[in-house]
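The opening residue of the sequence shown carries number 923 in my numbering; numbering runs sequentially from there.
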Amino acid sequence: MKKNPKILFSIIILFLTLSHECVFAQFDSNSKIGKIFSEFENGIRTGAIKEFSNNLISETYISLENGESSYYSSNQSFYILKDFFQNYIPISFKIIKTSINEEKPFAIGKLVYSKNGIRGESQVFIALKLENENWKISQIIIN
């Protein structure tokens, strides 16, 4: 059976277009959800919690690699995360998967860090929730 190169080319173009739109939607800065994920990614990558701390919900669930796990106010969350990243110094962080649906948006990323000169890796999960009609970070899990 002979394959038609025009059909094959059209399928490839369609696939690339659709996959490009899905990736682009992840960090659409016009999207409130995409903006929060982008600010979170930049903040974790640099260890600058203040880049996304204004996006923390009033009671954020945090579970960290060091065993810290509880619900914290947004102010407490800032200091818990700041202390964590002073010991687990980020080398790189990249969000690798997002779900930007209107019900339960979340993102999963890969963190590479240095702790006491030893390199390690963790998976990072964040979930968003509506608070006063604004999307806020409701969960941060790093393990």
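Here a beta-carbon is modelled for each residue, glycine too, at the ideal position from N, C-alpha and C. Remember, predicted model here, so these are calculated numbers, not experimental data.
Inter-residue Cα distance where the pair is residue i and residue j
i     : j     : result
G989  : N1023 : 30 Å
S980  : F959  : 18 Å
I961  : W1057 : Reading off the sequence, residue 961 comes out as Glu, not Ile. Going by the C-alpha atoms only, they are around 13 Å apart.
I1063 : Q1008 : 17 Å
N977  : I1018 : 20 Å
N1065 : G965  : 18 Å
Secondary structure of residue i, DSSP reduced to three states
i     : result
S1060 : strand
G1042 : strand
E973  : helix
K957  : helix
N1065 : coil
I1030 : strand
Y1035 : strand
Proximity test, residue i beta-carbon vs the ligand GDP heavy atom, cut-off 6 Å
i     : result
S1044 : The ligand GDP is not among the ligands present in this structure, which contains no ligands whatsoever.
6 Å Cβ shell around residue i - same chain, five flanking residues per side excluded
i     : result
L1033 : F1015, S1044, V1046
A1049 : F1028, S1060, Q1061
E987  : S1044, I1064, N1065
Residues near residue i by beta carbon distance below 8 Å, same chain, minus five either side
i     : result
S1021 : P1027, F1028, A1029
L1052 : K1058
I1013 : V1034, Y1035, S1036, R1041
Which residues DSSP lists as bridging residue i, in chain order
i    : result
S985 : S991, I1063
Proximity test, Cβ basis, 7 Å: residue i and chain E
i     : result
I1022 : Going by chain labels, chain E is absent from the structure shown, which holds only one protein chain.
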